[in-house]
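Sequence positions in the sequence shown follow the numbering used here and run 28 to 423.
Read the structure below first, then the notes.
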Amino acid sequence: MAELAGYQQFDGRWGPGAQLALDTIDGKATKGIPTWICHVMDAAFIEEMTGRAAGDFARNPDEVYIAFQKLAGACYVDQYIADNVLSMEEHGFGAGTARSATTGIEKIVLDGMEIDSPEAVVEHMERFVFPARAREIRREGLASFDPDDPALIRRLIEGELAVQAKFGLDILKGPYGAGFQSFPCFSYGAYGYANYFMAYALYPEVIERDFAQQADLALLRNRAAARAVIAGRLPRLIRLDHDMADGRGTLGSVASLRRIWLPHFARSIQPFLDAGIRLIWHCDGNLMGLLPLLLEAGIGGFQGFQYEHGMDYERICRMTDRDGEPLLIIAGVSVTTTLPWGSRDDVVKQMKWLVDNAPPRRLFLGASSSITPNTNRDNIRIFIEGLRYYREHGRG
């Protein structure tokens, strides 16, 4: 497909931060280590650090959020969620945050059906989900999806360009979000954990049908997304994000995932791999058992890591992709232990440990996930200083 007006217009114009990110994605030798997005969810702290008045963030979240990313030295931002900060108050989610199937809603009702048992999950899938998705795959009606539609590919590119324009040319915007990541996922977000995973255990043939159909549609979506990345000269790096584990391990057994999920996941992401786009996986919980399956499918790196739950960072960094190449790692200072509860020395030591044990190239530094309100502010400051140090001095 011919190139559309995209990031090629910025060739030779990127600032040093964005260029450092591009070179790192490409696996080139770099002196410094680029900084990944610094997503702090404390609006008052962001205002203080950027010299803004109280309430400025709520009045203009884009401007203040981007000012903070520049202050933190962010080189690469994939998930741009400035408004997300406003969903949090000092002690957690704001009072206006809607309850959902996984955040305490009293009754789950979908299409007029109450989801109160695993059988209700199966019935809803068979009556509503499967027929609607089949129509979309066959490109029938308003829900049709045409991966060959040039207007769709143009919209994907233009969406990334619009955010890149907000950043300027020293922060690189990478593809992320619904338009750029489609693959079979657990459906606990719709049905709740208890009834969905009972259905997963009791009716695996139905759950596999769901995974298979999700993959059929994902193939179409990812075909279009891969074309947009290539035609628009977007960064060839996409982070896939779906929580499949808690602190004890994967939410479904590794054996069952290999049997009913992995084949469909692997085929769903093939358009990206065929286009030479590196895929990395966001890690929540203890995913050690799932990592071999992800690498087998073609995943080329990881981001996140909850070390306290058994994520063996040193071992992960010694792993290779299925072609034997070192992984791309977005290494994160822990937002659940080190930043909220550690000392300044703990922050410094963890950053050095992350760098010392990382793969030889393709390393970004950041926090392991979002930094929530009431995190130790002195630790955030020393963390930001550490990011600056490693951007300037690299590993030595």
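Just so it is clear, CB atoms sit at the ideal spot from N, CA and C, and this is done for glycine as well.
Bear in mind the structure is a predicted one, so any value in this text is a computation, not a measurement.
inquiry  = Tell me the residue span of the beta strand (DSSP E) that contains G359.
reply    = L355 to V360
Length of the line joining the Cα atoms of L314 and M271 = 8 Å
inquiry  = My assumption, with CB atoms under 8 Å, is that F391 sits in contact with I357. Please give the rounded CB distance.
reply    = 4 Å
request  = Determine the direct distance from the alpha carbon of D373 to that of R182, and round the result to whole angstroms.
outcome  = 45 Å
task = Could you please give the first and the last residue of the uninterrupted beta strand (DSSP E) stretch that includes F329?
result = G328 to G331
query = According to DSSP, is L366 helix, strand or coil?
reply = Helix.
task = In the DSSP assignment, find the unbroken alpha helix (DSSP H) run with A159 in it and report its ends.
result = F157 to I164
ask   = Under the rule that 16 or more other beta-carbon atoms within 10 Å means buried, what is L482, buried or exposed?
value = Because the chain is modelled from 28 through 423, residue 482 falls outside the range shown and cannot be assessed.
key: Cβ neighbours of F155 in the same chain (closer than 6 Å, five flanking residues each side left out)   = Spatial neighbours of F155 in its own chain (CB-CB distance under 6 Å, excluding positions within 5 residues in sequence) are listed in chain order as D138.
request  = Determine the contact status of P202 and P262, defining contact as a CB-CB distance below 8 Å.
outcome  = Contact flag set, yes.
inquiry  = Since G312 and H336 should fall inside the 8 Å C-beta cutoff, what is the C-beta to C-beta distance between them, to a whole number of angstroms?
reply    = 6 Å
query = Hey, would you say I64 sits closer than 8 Å to G421, going by beta carbons?
reply = no
message = Quick check on R389: buried or exposed, where buried means 16 or more other Cβ atoms within 10 Å of its Cβ?
response = Per the 10 Å Cβ criterion, buried.
request  = Assign F299 to one of three DSSP states: helix, strand, or coil.
outcome  = helix
Presumed contact (8 Å Cβ cut-off) between Y223 and V148, rounded CB distance = 6 Å
key: Selection from V233, T77, F299 and V382 that minimises the alpha carbon distance to W288   = V233
task = Give the straight-line distance between the Cα atoms of L47 and P387, rounded to the nearest whole angstrom.
result = 15 Å
ask   = Counting along the chain, where does the alpha helix (DSSP H) carrying I93 start and finish?
value = P88 to A99
inquiry  = Can you tell me whether A394 is helix, strand or coil according to DSSP?
reply    = strand
key: 8 Å contact criterion, which L267 and T277 should meet: CB distance rounded   = That belief does not hold up - the Cβ atoms of L267 and T277 are roughly 15 Å apart, past 8 Å.
request  = Rounded to whole angstroms, what's the CA-CA distance from A242 to R286? Just pull it up for me.
outcome  = 15 Å
ask   = Alpha carbon to alpha carbon, what distance is there between H291 and F238?
value = Their Cα atoms are separated by approximately 6 Å.
ask   = In chain order, what residues of the same chain have a beta carbon less than 6 Å from the beta carbon of R126, not counting five sequence neighbours either side?
value = I132.
ask   = Using the beta-carbon count (16 or more within 10 Å), is W368 buried or exposed?
value = exposed
Three-state secondary structure assigned by DSSP to T62 = strand
task = Would you please verify whether the beta carbon of I287 is less than 8 Å from any beta carbon of chain C?
result = Of the chains in the structure shown, none is chain C; there is only one protein chain.
task = Could you tell me how far apart the beta carbons of G328 and H309 are, in whole angstroms, since I believe they sit closer than 8 Å?
result = 11 Å between Cβ atoms; not a contact.
query = Using a Cβ-Cβ cut-off of 6 Å (strictly less than) and excluding sequence neighbours within five positions of M225, which residues of its own chain qualify?
reply = Same-chain partners within the cutoff: P145.
inquiry  = By the three-class DSSP mapping on this structure, what secondary structure does H336 have?
reply    = helix
ask   = For L306, which three-state DSSP category applies?
value = strand
query = Cα separation between D348 and L354?
reply = 6 Å
task = Could you tell me the distance, in whole angstroms, from the CA atom of G54 to the CA atom of I409?
result = 28 Å
query = Pick from R254, I73 and L49: whose alpha carbon is nearest that of T62?
reply = L49
query = Got a sec, what are the start and stop residues for the alpha helix (DSSP H) L246 sits in?
reply = P231 to A258
request  = Measure the CB-CB distance between F84 and I93 and report whether it falls below 8 Å.
outcome  = Contact flag unset, no.
ask   = What are the boundary residues of the alpha helix (DSSP H) that includes I184?
value = P177 to F194
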